[in-house]
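Asker:
In the working numbering, the protein residues as written are 1 to 492.
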């Protein structure tokens with residue numbers, strides 16, 4: 001970390017170029033002030049990092065025992081834990097989220113290293129008795145895994161991709177989101193001494209340069225991407241040029257269904273959390289609240305009252321409920337969607353409070369916004385907004401609720417609030433989403449599969465099945481001594 005003449009820190013890493021065009025600014029979303037300049041990298045730096053990780057894989061890491069890999073992953077958890085306050089404060093400062101939520105992110109990242117460290121030595125295999133031969137099946141690492149990360153949960157995405165990939169025996173090259181790269185870069189800096197040289201690397205840079213270079217590199221044997229669906233499609237196309245397998249965790253337009261037999265206190269609280277946690281910058285955000293007509297007005301009244309009490313502000317202030325969005329560009333995008341909703345005929349039923357502190361006047365704030373009078377065919381009801389905006393859509397009965405819930409291109413999350421266990425089970429079966437929450441909106445849970453279907457992507461993270469995303473199956477057949485092995489012959 002060098003100092004510029006104007007006092008703004010310049011982040012320079014091993015994989016930074018010397019090109020001026022690769023420099024980019026990181027701002028504090030709360031104030032709009034610059035906090036760092038990152039000297040990023042482009043195609044050449046990605047190539048160098050991938051080559052280093054490729055050598056580390058073949059010369060060292062792939063031959064480490066599963067027990068040794070697990071031990072180092074547990075050590076990684078300990079090291080991150082020793083720096084939890086530093087990392088949480090850094091994430092809060094560059095991402096804008098409330099400090100408590102940043103601490104939760106760091107704790108979750110620690111849990112991922114602990115979880116995959118604990119199961120690294122117990123990766124499932126198989127032994128098959130095929131009569132004259134015995135067949136063993138083992139999970140082999142791909143080699144270099146490329147991980148392209150978004151800006152919204154930096155610690156979680158870093159650990160969520162690195163820990164399982166390393167557990168299987170891969171090496172990892174990460175490309176952090178350029179809006180909030182500092183937490184990822186610091187985590188990798190802390191992790192590098194834990195593992196053999198170049199087992200984990202990070203190359204900062206704009207997605208158009210570093211991200212595409214990583215996705216298209218011929219020595220990247222597996223690609224993991226989290227981000228917008230359109231970006232995921234572009235990355236997948238690049239990976240396909242080299243027949244590189246990829247798995248994608250993409251966007252969502254997630255429905256939260258409130259039936260008239262639900263506990264409305266719980267349902268309204270869940271809807272507020274689902275819509276506005278993490279500023280709505282979450283693929284899992286409850287951006288559509290579907291409410292049965294018989295309780296629609298009461299639910300809207302309760303939601304409006306709660307939205308009006310939401311305080312936006314600097315994430316470092318413990319009184320803040322919702323922080324600023326990550327960038328000026330993201331702020332403008334979400335504000336444009338709010339205007340679009342009005343033009344489409346939707347009604348702003350309630351908005352949260354913007355900060356009054358003049359020091360925050362240039363921050364990237366958007367008022368938490370609740371729309372009513374929304375039809376399922378409106379753009380605000382179909383497109384991912386990725387901000388603190390949600391809309392209420394009425395439904396008459398269960399059939400219509402399921403139809404509306406399934407009526408977008410996405411299939412990541414759905415929540416069902418009902419007093420009927422039978423209805424919960426029935427509706428959960430009918431909704432096309434990878435994750436269903438019943439009478440709660442708990443997004444976490446290390447060990448539970450995370451991922452969606454349709455335009456929300458494919459593959460599963462954060463669970464034991466994730467190990468199979470980062471490995472390929474090898475079968476070895478050995479004579480058993482029990483009978484003659486059939487042979488084809490031309491000697492008749």
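Glycine residues also receive a C-beta, built at the ideal position from the N, C-alpha and C atoms. Being a predicted model, the structure only gives us computed values, none of them experimental.
1) Given a cut-off of 8 Å on the beta-carbon distance, is the pair residue 436 and residue 406 in contact?
2) For the beta strand (DSSP E) that contains residue 11, what are its first and last residues?
3) Look at the alpha carbon of residue 140 and the alpha carbon of residue 166, and state the distance between them as a whole number of angstroms.
4) Do you know whose CA, among 26, 185 and 121, lies nearest residue 73's CA?
5) Check the DSSP bridge columns for residue 287 and list the partner residues they point to.
6) If contacts are defined as beta-carbon pairs under 8 Å, then residue 38 and residue 181 qualify, I think. What distance do you get, rounded to the angstrom?
7) Starting from residue 175 and walking both ways along the alpha helix (DSSP H), at which residues does that stretch end?
8) So for residue 250, helix, strand or coil by DSSP?
9) Just verifying my parser: in three-state terms, what is the DSSP assignment at residue 93?
10) Since residue 257 contacts residue 416 with CB under 8 Å, what's their CB separation in whole angstroms?
11) Would you tell me roughly how many angstroms separate the C-alpha atoms of residue 489 and residue 414, rounded to the nearest one?
12) Roughly how many angstroms lie between the CA atoms of residue 376 and residue 287, to the nearest whole one?
13) Taking 8 Å as the cut-off, decide whether the C-beta atoms of residue 394 and residue 322 are in contact.
14) Smallest Cα separation from residue 205: which of 177, 110, 264 and 133?
15) Our contact map puts residue 352 next to residue 299 with C-beta atoms below 8 Å; I'd like the distance itself, whole angstroms only.
16) Rounding to the nearest angstrom, what Cα-Cα distance links residue 491 and residue 134 in this structure?
17) Take the Cβ of residue 487 as the centre, count every other Cβ of all protein chains shown within 10 Å, and call the residue buried at 16 or more, exposed below.
18) The beta strand (DSSP E) that contains residue 148, what's its start and end?
19) Residue 268 to residue 303, Cα distance in whole Å?
20) Which term fits residue 485, buried or exposed, when burial requires 16 or more other beta carbons within 10 angstroms of its beta carbon?
21) What three-state label does DSSP hand residue 442 in the structure shown?
22) Taking C-alpha atoms, which residue in 313, 272 and 261 lies nearest to residue 441?
23) Where does residue 475 land, buried or exposed, given buried means 16+ other C-beta within 10 angstroms?
24) If I'm right that residue 368 touches residue 276 with Cβ under 8 Å, what's the distance once you round it to whole angstroms?
25) Does the Cβ of residue 54 have 16 or more other Cβ atoms within 10 Å, making it buried, or fewer, making it exposed?
26) Can you give me the Cβ contacts of residue 76 inside the same chain, cut-off strictly under 7 Å, excluding the 5 residues immediately before and after it?
27) Check the DSSP bridge columns for residue 134 and list the partner residues they point to.
28) Based on DSSP bridge pairs, tell me the residues matched to residue 353.
29) Report the residue ranges of all beta strand (DSSP E) runs contained in full by the segment 163 to 223; include only those spanning at least 3 residues, in chain order.
30) From what residue to what residue does the beta strand (DSSP E) around residue 326 run?
31) Who are the near neighbours of residue 5 in its chain, counting only those whose CB is closer than 6 Å to its CB and skipping five residues on each side?
32) For residue 403, does the count of other Cβ atoms within 10 angstroms reach 16, so buried, or fall short, so exposed?
33) Helix, strand or coil for residue 470? Go by DSSP, reduced to three states.
34) With residue 408 as the anchor, note down where its alpha helix (DSSP H) starts and where it stops.
35) So if DSSP puts residue 417 in a beta bridge, which residue, or which two residues, is it bridged to?
36) Distance, Cα to Cα, residue 179 vs residue 293?
Answerer: Quick look at the numbers:
1) The count along the chain shown starts at 1 and reaches residue 436 at position 436. The count along the chain shown starts at 1 and reaches residue 406 at position 406. No. Outside cutoff.
2) Taking the first residue of the chain shown as 1, we reach residue 11 at position 11. Here the beta strand (DSSP E) through residue 11 covers 9 to 11.
3) One-based indexing of the chain shown puts residue 140 at position 140. One-based indexing of the chain shown puts residue 166 at position 166. Roughly 12 Å between the two C-alpha positions.
4) Within the chain shown, numbered from 1, the residue matching residue 73 stands at position 73. The closest CA to that of residue 73, considering only 26, 185 and 121, is found on 121.
5) Here the question's residue 287 lines up with position 287 in the chain shown. Checking the DSSP bridge columns, you'll see residue 287 has no partner listed.
6) As a first step, residue 38 must be located in the chain shown, where it is residue number 38. As a first step, residue 181 must be located in the chain shown, where it is residue number 181. Yes, they are in contact, since the Cβ atoms of residue 38 and residue 181 sit about 6 Å apart, within 8 Å.
7) In the chain shown, residue 175 corresponds to position 175, counting from 1. Looking at the DSSP string, residue 175 is not in any alpha helix (DSSP H); the run it does join, the beta strand (DSSP E), is 171 to 175.
8) As a first step, residue 250 must be located in the chain shown, where it is residue number 250. In the structure shown, residue 250 sits in coil (DSSP, three-state: anything other than H, G, I, E or B).
9) In the chain shown, the residue the question calls residue 93 occupies position 93. Residue 93 falls in the helix class under three-state DSSP.
10) Position 257 of the chain shown, counting from 1, holds the residue named residue 257. Position 416 of the chain shown, counting from 1, holds the residue named residue 416. Rounded, the Cβ-Cβ distance is 5 Å, consistent with contact.
11) What you label residue 489 is simply residue 489 of the chain shown in a count that begins at 1. What you label residue 414 is simply residue 414 of the chain shown in a count that begins at 1. Each residue's Cα considered, the two are about 58 Å apart.
12) Position 376 of the chain shown holds residue 376. Position 287 of the chain shown holds residue 287. If you take the alpha carbons of residue 376 and residue 287, they lie about 12 Å apart.
13) Counting from one through the chain shown, the residue named residue 394 turns up at place 394. Counting from one through the chain shown, the residue named residue 322 turns up at place 322. No, they are not a contact pair.
14) Position 205 of the chain shown, counted from the start, is the residue given in the question as residue 205. Of the residues 177, 110, 264 and 133, the one whose Cα lies closest to the Cα of residue 205 is 177.
15) As a position in the chain shown, residue 352 is number 352, starting the count at 1. As a position in the chain shown, residue 299 is number 299, starting the count at 1. Incorrect: roughly 18 Å between the Cβ atoms, too far for contact.
16) As a working note, residue 491 is residue 491 in the chain shown. As a working note, residue 134 is residue 134 in the chain shown. About 27 Å.
17) Here residue 487 refers to the residue found at position 487 when the chain shown is read from its first residue. Classification of residue 487: exposed, given that the 10 Å Cβ count is below 16.
18) Taking the first residue of the chain shown as 1, we reach residue 148 at position 148. 144 to 148 is the span of the beta strand (DSSP E), which, as asked, contains residue 148.
19) Stepping through the chain shown from its first residue, residue 268 is reached at position 268. Stepping through the chain shown from its first residue, residue 303 is reached at position 303. Straight-line Cα distance between these residues: approximately 6 Å.
20) On the chain shown, residue 485 is found 485 positions in, with the first residue counted as 1. Around the Cβ of residue 485, a 10 Å sphere holds fewer than 16 other Cβ atoms; the residue is exposed.
21) Within the chain shown, numbered from 1, the residue matching residue 442 stands at position 442. Residue 442: coil per DSSP, three-state reduction.
22) For this step, residue 441 is matched to residue 441 along the chain shown. Checking every option, the nearest Cα to that of residue 441 belongs to 272.
23) Residue mapping note: residue 475 aligns to position 475 of the chain shown, counting from 1. Counting Cβ neighbours within 10 Å, residue 475 comes out exposed, since fewer than 16 surround it.
24) Counting from one through the chain shown, the residue named residue 368 turns up at place 368. Counting from one through the chain shown, the residue named residue 276 turns up at place 276. Indeed they touch by this definition, with Cβ atoms about 5 Å apart.
25) Residue 54 sits at position 54 when you count from the first residue of the chain shown. Label assigned to residue 54: buried.
26) Counting from one through the chain shown, the residue named residue 76 turns up at place 76. If we look at residue 76 and ignore the five residues flanking it on each side, its Cβ neighbours are 113, 191 and 194.
27) The residue labelled residue 134 in the question sits at position 134 within the chain shown. Bridge partners of residue 134 according to DSSP: 129 and 478.
28) Counting from 1 along the chain shown, the entry for residue 353 is found at position 353. The partner list for residue 353 (beta bridge, DSSP) reads 311.
29) With a minimum length of 3 residues, the continuous beta strand (DSSP E) runs that stay inside the segment 163 to 223 are 171 to 175 and 200 to 202.
30) Translated into the one-based positions of the chain shown, residue 326 becomes position 326. Note, residue 326: premise wrong, no beta strand (DSSP E); not H, not E.
31) For the purposes of this step, residue 5 is identified with residue 5 of the chain shown, where counting begins at 1. Residue confidence for residue 5 is low, a pLDDT of 41 falling below 50, so the modelled location carries little weight; the figure read from the coordinates is stated next. Once the five neighbours on either side are set aside, residue 5 has no close Cβ partner at all.
32) Along the chain shown, read from residue 1 onward, the residue named residue 403 stands at position 403. Result: exposed.
33) Start at 1 with the first residue of the chain shown, and residue 470 comes out as number 470. Reduced to three states, the DSSP call for residue 470 is coil.
34) In the chain shown, residue 408 corresponds to position 408, counting from 1. Where residue 408 is concerned, there is no enclosing alpha helix (DSSP H), given that its DSSP letter is neither H nor E.
35) To locate residue 417, count along the chain shown from 1; it is residue 417. DSSP output for residue 417 lists 258 as bridge partner(s).
36) For the purposes of this step, residue 179 is identified with residue 179 of the chain shown, where counting begins at 1. For the purposes of this step, residue 293 is identified with residue 293 of the chain shown, where counting begins at 1. Those two C-alpha atoms are separated by around 41 Å.
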